Structures are given as structure tokens and as C-alpha cells.
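> Got a structure for you, questions after.
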DNA sequence: CCTAAGACCTGTAGTAACTATAGGTTCAAG
DNA sequence: CTTGAACCTATAGTTACTACAGGTCTTAGG
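Chains as they are written, first to last, in the numbering used here: chain A, 3 to 158; chain B, 3 to 158.
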């Protein structure tokens with residue numbers, strides 16, 4: 003029972019998705035976004051088949067996303083990888099920019115955490131909303147900080 | 003030039019937006035989302051006018067957003083504030099939940115920062131992409147185990 | 001051989017929180 | 001009385017998917 007091309011291993015979209023650890027719809031979505039190539043449908047019937055290189059590419063996309071890159075940025079990175087004149091320094095620079103963005107986000111979130119912390123701490127914890135210091139501070143204008151209460155220990 | 007109703011102080015949408023420190027389109031957007039009331043157009047011509055309470059509400063929304071609340075959550079908060087049986091503890095609980103979410107986000111971003119840091123550090127800084135350790139790490143296998151995904155494309 | 005299940009296909013609509021048009025009306029000044 | 005600004009409604013775009021609807025294709029069972 004010989005089969006040319008190893009027929010039982012035909013990588014249809016569902017298998018490709020499993021190999022790249024994404025959903026089928028995600029693959030189709032990347033195709034629509036032109037991040038990956040769309041395998042043509044075989045001329046004489048059958049489903050589209052995904053070459054290993056395409057699955058690799060999807061994995062690349064997911065890895066880059068985990069580092070905070072957007073699909074647009076990842077598209078750039080992928081074009082870069084196809085460019086023989088591209089230099090490593092270019093990639094590193096993009097990573098540095100991303101790092102800066104991540105650091106900014108962290109700072110903003112830490113400020114939010116601090117504000118929430120103070121509000122939660124200052125809140126009496128029961129009673130009508132008219133007396134709720136959290137609601138009050140939201141009603142109050144812009145750059146207002148929460149009312150202070152005795153000491154609050156700091157979080158590491 | 004006397005005018006009934008203090009004509010020069012009519013708060014049209016642009017003035018309301020300025021007072022709440024948002025764009026005109028944002029006000030209209032909140033109206034569509036039913037977060038604020040839509041002042042009716044005067045029966046006999048003229049523009050819609052925004053009462054102070056509505057502008058307050060917009061400010062409330064912006065303040066709550068700064069703490070990381072989504073518009074959906076803010077809608078709940080606003081309903082709560084209209085409910086005489088609502089308790090301060092309820093608001094505080096929502097703040098606590100939000101604080102938890104913010105902390106999770108911070109942790110995830112710190113992990114990303116760490117990963118980027120290491121990649122940048124390990125990168126040779128020049129040379130072809132074939133030798134770029136950042137690209138390599140993106141190409142390389144992620145935390146991948148083939149078939150971790152459910153066979154069927156439905157997730158709970 | 002026929003049927004039914006399941007995987008595939010295309011295309012569209014929904015999510016969050018706006019922003020930005022297009023195309024029309026109304027108002028205030030010159 | 002004519003600009004020009006501000007208003008009005010309605011729609012499309014953004015991000016990264018997800019979830020259908022409604023059809024086609026393949027394959028396993030009877």
C-alpha cells in the first residue's frame with residue numbers, strides 16, 4: 003500500500019493549526035492579513051495543504067506576540083527576515099523600542115495599582131455610596147488623590 | 003441685548019466636551035453606548051444642551067478609566083451610584099478585583115521585560131539575521147507540545 | 001452505492017473604545 | 001445674505017481575533 007507523498011500526513015489546516023498551537027480561524031486570519039501564504043487548493047479536488055515553512059512562520063508570529071509585538075510589527079520582522087541585507091542590529095533596535103514600550107506600560111500600571119491601593123484602603127467598607135470615598139474620588143475632579151488614612155504598609 | 007435663559011452660557015456639545023476634557027466624538031460615543039443621557043434637540047430649533055450632571059458623569063467615566071475600569075464596568079458603577087440600596091463594600095470589592103487584574107498585568111509585563119532584556123543582551127548586535135539570536139529564538143520552538151490544543155475547535 | 005458526519009471553504013459580523021470621515025443642517029458674524 | 005464654524009446623523013476604520021451561516025468536499029459505515 004504505497005502512497006506517493008505520504009498521503010496520510012497531508013497537513014490540512016486543522017493539523018497545521020495544532021502543530022502551531024493556534025486555532026484554525028487564527029490561521030485563516032493570518033492569511034487574510036497576508037502574514038502567511040495561502041496554499042492554493044489542489045487543481046483536482048482536495049483541501050489546501052500547509053508546508054512546514056508556513057507552520058514555522060505561524061510559530062514565529064506567536065513567539066513574537068508573547069514578547070509584545072503587534073501583528074504589524076511582526077509583519078515587518080518577517081519581511082526583514084527575508085531580506086539578505088538586513089542586519090541583526092535592526093532587529094535588536096526593534097526589541098529595544100519594544101522594551102521601552104513595555105517599561106512605560108509597567109510604570110503606568112504601577113501608578114494605577116498605587117491609586118487603587120489607596121482608594122481601597124481609604125474606603126470605610128460599608129455604608130451608603132454617598133459616604134463612599136472611592137465614589138467621591140471618582141466624582142471629584144481630575145488630579146485628586148484619595149483621602150489618606152493611617153499608615154498602610156507597602157507592597158514589595 | 004438681553005436674552006432670556008442666559009443665552010451666552012448654553013452648553014452645547016463642544017463646550018461640554020471641553021469641560022469634561024474629552025473630544026466631541028467621545029461624548030457622542032458615550033451617548034450611543036447609553037453611558038450618558040442624550041439631551042433632546044429643542045423643539046423649536048437650536049442645538050442640544052448638556053446639563054452639568056451629564057458633564058459630571060463624563061468626568062466620572064474618565065476618572066474610572068484612569069483606574070483601569072472598562073466602559074462596561076463603569077456602566078455598572080454608574081448604575082450602582084443610582085441605587086439607594088447599594089453599599090460601599092460593593093464598590094470596594096470591584097476595586098479589589100480590578101487591583102488583582104492590574105497586578106496580573108504587571109506580572110505578565112515584567113516577564114516580557116525580562117525576556118526582552120535577555121534577548122537584547124544576548125544579541126551580537128551586528129551581522130546577518132541567520133546569526134541573530136533574537137530571530138533564532140523566535141524561530142525556535144516555543145513552549146510547544148504538539149497536540150496540546152483540543153482536537154475539536156471548541157473551547158469552553 | 002448511498003448517506004451521514006465531519007472537516008473544509010468563503011464571507012460576514014461581533015468584540016473595546018474610540019477616531020475620522022461624509023454629507024447635511026443650523027447658527028452667528030460680517 | 002453669504003460665509004464659515006459648529007452642530008447633526010450615520011458609517012467605516014483601528015487590533016487580533018472569534019463565531020457564526022451556509023455551502024462544498026472527503027471519508028467511514030451500512
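The beta-carbon is built from N, C-alpha and C at its ideal position, and this holds for glycine as well. Because the structure is a prediction, the values reported are computed rather than measured.
#1: DSSP three-state label for residue 89(B), please.
#2: To the nearest angstrom, how far is it from the Cα of residue 99(B) to the Cα of residue 70(B)?
#3: Under 8 Å: do the region 132-140 of chain A and the region 87-106 of chain B share three or more Cβ pairs, one atom per stretch?
#4: State whether the region 98-115 of chain B contacts the region 56-74 of chain B, with contact taken as three or more CB pairs (one from each stretch) at a distance under 8 Å.
#5: Would you please state the rounded distance, in angstroms, between the beta carbons of residue 16(A) and residue 26(A)? I believe it to be under 8 Å.
#6: Return the residue from the list 83(A), 64(A), 30(A) that minimises the CA-CA distance to residue 129(B).
#7: Of all the residues that make up the region 85-115 of chain A, which are near chain B by a beta-carbon distance shorter than 7 Å?
#8: Output, in chain order, the set of chain A residues within a Cβ distance shorter than 8 Å of residue 122(B).
#9: Give me the Cα-Cα distance between residue 104(B) and residue 109(A), rounded to the nearest whole angstrom.
#10: With DSSP as the reference, please indicate the residues paired to residue 130(A) in a beta bridge.
#11: Decide if residue 7(B) is buried, meaning its Cβ has at least 16 other Cβ atoms within 10 Å, or exposed.
#12: Any beta carbon from chain B within less than 9 Å of residue 53(A)'s own beta carbon?
#13: Give a yes or no on whether the minimum CB-CB distance between residue 152(A) and chain B is below 9 Å.
#14: Enumerate in chain order the residues of its own chain whose CB-to-CB distance from residue 18(A) is below 8 Å, with the five nearest sequence positions on each side excluded.
#15: In the DSSP assignment, find the unbroken alpha helix (DSSP H) run with residue 37(A) in it and report its ends.
#16: For residue 38(B) and residue 111(A), I'd like the C-alpha separation in whole angstroms.
#17: Just the Cα atoms here: how many angstroms apart are residue 33(B) and residue 95(A)?
#18: Just to confirm, are residue 13(A) and residue 21(A) a CB contact at a threshold of 9 Å?
#19: Taking the alpha carbon of residue 36(B) as the reference point, which residue from 48(B), 47(B), 76(B) has its own alpha carbon closest?
#20: Residues of chain B with a CB under 7 Å from the CB of residue 136(A): which are they?
#21: Run through chain B and tell me which residues come within less than 9 Å of residue 82(A), C-beta to C-beta.
#22: On the CB-based measure, 16 or more other CB atoms within 10 Å of its CB, does residue 65(B) come out buried or exposed?
#23: Kindly say whether residue 119(A), judged by its beta-carbon, lies nearer than 9 Å to any beta-carbon of chain B.
#24: Under 9 Å Cβ-Cβ, which residues of chain A neighbour residue 66(B)?
So, from the listed chains and residues:
#1: Stepping through the second chain from its first residue, residue 89(B) is reached at position 87. The answer is strand: DSSP assigns residue 89(B) an E or B state.
#2: Against the second chain, residue 99(B) aligns to sequence position 97. Against the second chain, residue 70(B) aligns to sequence position 68. Cα-Cα distance, rounded: 11 Å.
#3: The answer is yes - the region 87-106 of chain B touches the region 132-140 of chain A, with three or more Cβ pairs under 8 Å.
#4: Enough Cβ pairs lie closer than 8 Å, so yes.
#5: Residue 16(A) sits at position 14 when you count from the first residue of the first chain. Residue 26(A) sits at position 24 when you count from the first residue of the first chain. Going by Cβ atoms, the distance from residue 16(A) to residue 26(A) rounds to 6 Å, so yes, they are a contact pair.
#6: Counted from its first residue, the second chain places residue 129(B) at position 127. The residue with the shortest Cα to Cα distance from residue 129(B) is 83(A).
#7: Identification of residues in the region 85-115 of chain A having a C-beta nearer than 7 Å to some C-beta of chain B yields 88, 89, 90, 91, 93, 94, 97, 98, 100, 101, 104, 105, 107, 108, 111, 112, 114, 115, given in sequence order.
#8: The residue labelled residue 122(B) in the question sits at position 120 within the second chain. Chain order gives the chain A residues near residue 122(B) as 94, 97, 98, 101, where near means a beta carbon separation below 8 Å.
#9: Walking along the second chain from the start, residue 104(B) turns up at place 102. Walking along the first chain from the start, residue 109(A) turns up at place 107. Here the C-alpha atom of residue 104(B) lies approximately 12 Å from the C-alpha atom of residue 109(A).
#10: Numbered from its first residue, the first chain carries residue 130(A) at position 128. Paired residue(s): 89(B).
#11: The residue you call residue 7(B) lines up with position 5 of the second chain. The predicted model places residue 7(B) with a pLDDT of 42, which falls under 50 and marks its position as unreliable, so this point remains unresolved.
#12: Against the first chain, residue 53(A) aligns to sequence position 51. Not closer than 9 Å to any Cβ of chain B, the Cβ of residue 53(A) fails to qualify, so no.
#13: As a working note, residue 152(A) is residue 150 in the first chain. Its pLDDT being 36, under 50, residue 152(A) is placed unreliably in this model, and the value from its coordinates should be taken loosely. Taking 9 Å as the threshold, the shortest C-beta distance from residue 152(A) to chain B does not fall below it.
#14: Taking the first chain and counting its residues from 1, the one referred to as residue 18(A) is at position 16. The residues are 29, 52, 56, 57, 60.
#15: Locating residue 37(A) in the first chain gives position 35, where the first residue counts as 1. Note, residue 37(A): premise wrong, no alpha helix (DSSP H); not H, not E.
#16: Position 36 of the second chain, counted from the first residue, corresponds to residue 38(B). Position 109 of the first chain, counted from the first residue, corresponds to residue 111(A). Cα to Cα, the separation comes out at about 27 Å.
#17: In the second chain, residue 33(B) corresponds to position 31, counting from 1. In the first chain, residue 95(A) corresponds to position 93, counting from 1. CA-to-CA, the gap between residue 33(B) and residue 95(A) works out to about 43 Å.
#18: Translated into positions along the first chain, residue 13(A) becomes position 11. Translated into positions along the first chain, residue 21(A) becomes position 19. Yes. Within cutoff.
#19: To locate residue 36(B), count along the second chain from 1; it is residue 34. Of 48(B), 47(B), 76(B), the residue nearest in Cα terms is 76(B).
#20: Here the question's residue 136(A) lines up with position 134 in the first chain. The answer, in chain order, is 93, 94, 97.
#21: Locating residue 82(A) in the first chain gives position 80, counting from the first residue. 131, 137, listed in chain order.
#22: Working through the second chain from its first residue, we reach residue 65(B) at position 63. So residue 65(B) ends up on the buried side.
#23: Walking along the first chain from the start, residue 119(A) turns up at place 117. Contact with chain B is found for residue 119(A), since one of that chain's Cβ atoms lies less than 9 Å from the residue's Cβ.
#24: For this step, residue 66(B) is matched to residue 64 along the second chain. Within chain A, 140 have C-beta atoms less than 9 Å from the C-beta of residue 66(B), given in sequence order.
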